[in-house]
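Asks: My questions will all concern the structure given below.
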Amino acid sequence: MNTVKIFITLKHGVLDPQGKAVQESLNKLGFPEVKGARVGKYMELQLDSQEDIDRQIEEMCAKLLANPVIEDYQYTIEEGTVQ
Amino acid sequence: MKFAVIVFPGSNCDRDMYHAVQDSLGEEAELVWYEDADLSGFDAILLPGGFSYGDYLRSGAIAAMSNIVSQIKQKASEGMPILGVCNGFQVLLESGLLPGAMLRNKKLKFMCHQEELVVENNQTQFTSSYEEKETISLPIAHGEGNYFCDKEVLADLEANRQIVFRYGDNPNGSVGDIAGIINKQGNVLGMMPHPERATEAVLGSADGLKLFKSVVNHWREAYVAGV
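Just so you know, the protein sequences line up as chains R and G, in that order.
Using full-length UniProt numbering, read the first sequence as starting at 1 and increasing by one per residue.
Using full-length UniProt numbering, read the second sequence as starting at 1 and increasing by one per residue.
Here it is, written out as structure tokens:
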């Protein structure tokens, strides 16, 4: 079993209203050094496959998990399951 | 003319759509559950607003993967008129029937009010009953109606006159003030505002009715008049 950790973020250049709200809140809280914030999604998949994992994940991301028009993704593969 | 109103788990404007066609327009409509749907025998497909699959993952993304969408794609390629409103528009984007994607509204708020739109292209089968540049009033009700596409796609949409409706006072941050676009073939229209909620004066506006009338007129001219 493998644990796949997928990070999905809005592409740079795409307006991220949620990230902007987070940045403004942090600024108001007394963190003026925060000049930008992006909010994304994190997914964890438990994958029971031995080979072709990269191809499978790419396909999952392209077909459903990320929208290529507005989102980028990256992932890591770790052996074993995460509790 | 017979309209199919596709019902996904979470659709909540399906009955508004049904009412608009059946009662305001006086044509035939049928609510079609997405799972056991057979789209043969229909003349047009309506994808209603709502929250298909609870907007899980992204609005319209999971509905776009359902079996009915492959049937809808087939019908689209055959030239059948297909209208997606609000979540229906999001499903059309996620399924690739229309270009672009939806982001959350610029101010992150769910918005529900009447908006003024300009009919940018009245040379489509959905808008022929409107005047060119006519200003109409339709309700909006969405949290993710901020239409996005890259510059190349936007230039393409402009060049092909695919931008059908624009907001007068862009409420959600959409590029090019886009409220509704059509595919190149001219038979698939997606829009965020709700024409089906504006088909009788008692609803605050009857400006949406002309859209449905345009579809019927086009269909009659194409399939009935010639017979």
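Don't be surprised by glycine CBs; every beta carbon is placed ideally from N, CA and C.
(1) In the DSSP assignment, the beta strand (DSSP E) including ASN146 (chain G) goes from what residue to what residue?
(2) Could you list which residues in chain G have their beta carbon closer than 9 Å to that of VAL69 (chain R), in chain order?
(3) Can you give me, in chain order, the residues of the region 108 to 137 of chain G that have a beta carbon less than 9 Å from any beta carbon in chain R?
(4) Using 10 angstroms around the beta-carbon of VAL202 (chain G), count the other beta-carbons present and answer buried if the total reaches 16, otherwise exposed.
(5) For a contact defined as C-beta to C-beta under 7 Å, what are the partners of ALA21 (chain R) on chain G?
(6) Decide yes or no for the touch test of the region 169 to 187 of chain G against the region 132 to 150 of chain G: beta carbon pairs closer than 8 Å, at least 3 of them.
(7) Using the C-alpha atoms, what's the distance from ALA63 (chain G) back to VAL69 (chain G)?
(8) Do the region 30 to 49 of chain G and the region 39 to 54 of chain R make contact, defined as three or more Cβ pairs closer than 8 Å?
(9) Identify, in the order they occur along the chain, each residue of the same chain with its Cβ nearer than 7 Å to the Cβ of residue 314 (chain G), setting aside the five sequence neighbours on each side.
(10) If I'm right that MET191 (chain G) touches VAL85 (chain G) with Cβ under 8 Å, what's the distance once you round it to whole angstroms?
(11) Taking the C-alpha atoms as reference points, what is the distance between SER40 (chain G) and ALA21 (chain R)?
(12) For LEU15 (chain R), would you say it is in contact with chain G, using Cβ-to-Cβ distances shorter than 8 Å as the test?
(13) What does ARG58 (chain G) touch in chain R if you count any residue whose Cβ is under 8 Å from its own?
(14) Looking at the unbroken alpha helix (DSSP H) that takes in ILE68 (chain G), where does it start and where does it end?
(15) With H, G and I counted as helix, E and B as strand and the rest as coil, what does DSSP make of HIS12 (chain R)?
(16) Across which residues does DSSP place ASN2 (chain R) in a beta bridge pair?
(17) Helix, strand or coil, according to DSSP, for SER129 (chain G) in the structure here?
(18) Residue ranges of each beta strand (DSSP E) run of no fewer than 3 residues wholly in the region 172 to 223 of chain G, ordered along the chain?
(19) Against ALA179 (chain G), what residues of chain R qualify as contacts under a CB-to-CB distance less than 8 Å, listed in chain order?
(20) Are residue 236 (chain G) and LYS109 (chain G) touching if we call contact CB-CB under 8 Å?
(21) Please give the ranges of any alpha helix (DSSP H) in the region 33 to 115 of chain G, keeping only runs that are unbroken, at least 4 residues long and fully inside the region.
(22) Compute the beta-carbon to beta-carbon distance between residue 89 (chain R) and GLY36 (chain R), rounded to the nearest angstrom, for a pair I have assumed lies under 8 Å.
(23) Name the two residues that bound the continuous beta strand (DSSP E) containing LYS63 (chain R).
(24) Does chain G have any CB closer than 8 Å to the CB of LEU64 (chain R)?
(25) Among the candidates G:SER77, G:ASN67 and G:ASP14, whose CA atom is the shortest distance from the CA of LEU46 (chain G)?
Replies: In this structure, then:
(1) Start and end: 146 to 148.
(2) Chain G residues near VAL69 (chain R): LEU93, PRO99, GLY100, ALA101, PHE148, CYS149, ASP150 and VAL153.
(3) Considering only beta carbons, the part of the region 108 to 137 of chain G lying closer than 9 Å to chain R consists of LEU108, in chain order.
(4) So VAL202 (chain G) ends up on the exposed side.
(5) Under the 7 Å cutoff, chain G gives LEU108.
(6) With a cut-off of 8 Å, the region 132 to 150 of chain G and the region 169 to 187 of chain G count as touching, because enough Cβ pairs lie within range.
(7) One Cα belongs to VAL69 (chain G), the other to ALA63 (chain G), and the distance between them is close to 8 Å.
(8) Touching, no, given that fewer than three Cβ pairs across the two stretches are closer than 8 Å.
(9) As displayed, chain G neither begins before 1 nor continues past 227, which places residue 314 (chain G) out of reach and without an answer.
(10) About 6 Å separates the CB atoms of MET191 (chain G) and VAL85 (chain G); that is less than 8 Å, so the two are in contact.
(11) Distance between the alpha carbons of SER40 (chain G) and ALA21 (chain R): 47 Å.
(12) LEU15 (chain R) counts as touching chain G.
(13) In chain order: ASN67.
(14) Start and end: 67 to 77.
(15) HIS12 (chain R): coil per DSSP, three-state reduction.
(16) DSSP lists R:LEU47 and R:GLU79 as partners of ASN2 (chain R).
(17) Note: SER129 (chain G) maps to coil in three-state DSSP.
(18) Every beta strand (DSSP E) stretch that sits fully inside the region 172 to 223 of chain G and reaches 3 residues is listed by chain position as 178 to 182 and 188 to 191.
(19) Here the premise fails: no neighbours, minimum Cβ distance about 18 Å.
(20) The structure shown does not extend to residue 236 (chain G), since chain G is modelled only from 1 through 227, so no value can be given for it.
(21) Counting whole runs of 4 or more residues, the region 33 to 115 of chain G contains the alpha helix (DSSP H) stretches 67 to 77 and 87 to 94.
(22) Absent from the model: residue 89 (chain R). The displayed extent of chain R is 1 to 83, so no value can be given.
(23) DSSP places LYS63 (chain R) outside any beta strand (DSSP E), giving it a letter other than H or E.
(24) Under the Cβ distance rule, LEU64 (chain R) counts among the residues neighbouring chain G, one pair being separated by less than 8 Å.
(25) Put simply, of G:SER77, G:ASN67 and G:ASP14 the residue whose alpha carbon is nearest the alpha carbon of LEU46 (chain G) is G:ASP14.
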